[in-house]
Amino acid sequence: MSSNHGKIKETQCPVCKYKLNDATAVKGENSVPKPGDISVCIGCAEVLIFTEELSVRQAAMSDLLNLSKENFNQITQAQHVIRRLR
Ligand SMILES: [Zn+2]
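Next comes the structure, spelled out in structure tokens:
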């Protein structure tokens with residue numbers, strides 16, 4: 065049994081229904097997601113936000129406007145990579 069397994073419960077992308085059972089931090093850190101953390105769906109490249117229950121919801125424009133320029137650039141880069149893989 066890996067101690068890294070099950071850091072977050074399995075959840076589904078609300079946009080494309082892709083099953084997300086591992087958090088890939090945009091920053092590349094191996095950290096446990098917190099409510100409010102930003103993620104990018106590897107299925108559809110939508111920006112997702114972790115909720116209080118650590119499920120995810122689609123980011124609203126107001127969430128995106130609150131991002132720092134650095135975070136925004138990281139997300140844009142991640143989306144670019146995901147879309148190229150498809
Ligand atoms: Zn998705």
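Under the working numbering, the first residue of the sequence shown carries the number 65, and numbering increases by one thereafter. Positions of the beta carbon are idealized from the N, C-alpha and C atoms, including for glycine.
query: By Cβ distance, which residues of its chain are closer than 6 angstroms to Met101, with the 5 residues on each side in sequence left out?; result: Contrary to the premise, residue 101 reads as Asp rather than Met in this sequence. Taken in chain order, the residues that qualify are Phe114.
query: For Thr115, which of helix, strand or coil comes out of DSSP?; result: coil
query: Output yes or no for whether 8 angstroms exceeds the beta carbon distance between Arg75 and Val104.; result: Inspection of the sequence shows that residue 75 is occupied by Thr rather than by Arg. Cβ atoms of Thr75 and Val104: not closer than 8 angstroms.
query: Just the C-alpha distance for Ile139 and Met125, rounded to the nearest angstrom, thanks.; result: 14 angstroms
query: Residues in the same chain with beta-carbon distance under 6 angstroms from Ser66, minus the five sequence neighbours each way, listed in chain order, please.; result: Low per-residue confidence applies at Ser66: pLDDT is 45, beneath 50, and the placement is therefore not dependable, though the value from the model is reported in the following sentence. The answer is none, since no qualifying residue turns up.
query: Just to confirm before moving on: does the CB-CB distance between Glu110 and Cys77 stay below 8 angstroms?; result: yes
query: Does the beta-carbon of Glu110, which I'm using as the reference point, lie nearer than 7 angstroms to any heavy atom of ligand 1?; result: yes
query: Within 10 angstroms of its Cβ, does Leu112 collect 16 or more other Cβ (buried), or is it exposed?; result: buried
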